[in-house]
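Read the structure below first, then the notes.
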Amino acid sequence: MAQKVEVHLEDDLDGGPADNTVSLALDGKDYEIDLSDANAERLREALQPFVAAVRKAPVGTNGRRKRTTGAGSSSSAGETAGIRAWAKENGHQVSDRGRIHQSVKDTYYAAH
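Okay, structure coming up:
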């Protein structure tokens, strides 16, 4: 027995028939929304001023954007040496080589 399966998309915005699925990403999260052609055009028009001003995000090895989190993220060699010197002067135990514990970095950033 043969079967015929039909998929009908419903517009996620107004509940009417949808013509396509629009994919977008924001704040590191990927989204999809089913929209009619008219609503998809409204979305694109609303985003156009922002899209015109964007820059291409750096891509990591897994195809995703490489993100930094600010204080406490990866440090340059010069900054690491400064943190290490400050930590020793202020009574924190740190080795001469290797990673500096995050709690020491957090204390350093809070002091500066």
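Heads up, the sequence shown is in the numbering used here, so the first residue is 1189 and it goes up one at a time. Ideal Cβ positions, reconstructed from N, Cα and C, are used throughout, including at glycine. These numbers were taken from a predicted model, which means no experiment stands behind them.
DSSP state of E1194, grouped into three classes? Within the sequence shown, the letter at position 6 stands for residue 1194. DSSP places E1194 in coil when its eight states are reduced to three.
Which value, in whole angstroms, describes the spacing of the CA atoms of V1242 and E1233? In the sequence shown, residue 1242 corresponds to position 54, counting from 1. In the sequence shown, residue 1233 corresponds to position 45, counting from 1. The straight-line gap from Cα to Cα measures roughly 15 Å.
Considering only the beta carbon of each residue, do D1202 and D1222 sit closer than 7 Å? Here residue 1202 is taken as the residue at index 14 of the sequence shown, counted from 1. Here residue 1222 is taken as the residue at index 34 of the sequence shown, counted from 1. Their beta carbons are not under 7 Å apart, which means D1202 does not touch D1222 by this criterion.
Nearest to S1224 (by Cα), restricted to the options L1197, Q1281, L1212, A1213: Counted from its first residue, the sequence shown places residue 1224 at position 36. Cα-wise, what sits closest to S1224 is L1197.
Helix, strand or coil for N1278, going by three-state DSSP, please let me know. Counting from 1 along the sequence shown, the entry for residue 1278 is found at position 90. Three-state result, N1278: coil.
Helix or strand or just coil, what does DSSP make of P1237? As a working note, residue 1237 is residue 49 in the sequence shown. The answer is helix: DSSP assigns P1237 an H, G or I state.
So is A1298 buried or exposed if we call it buried at 16+ other beta carbons inside 10 Å? Stepping through the sequence shown from its first residue, residue 1298 is reached at position 110. Per the 10 Å Cβ criterion, exposed.
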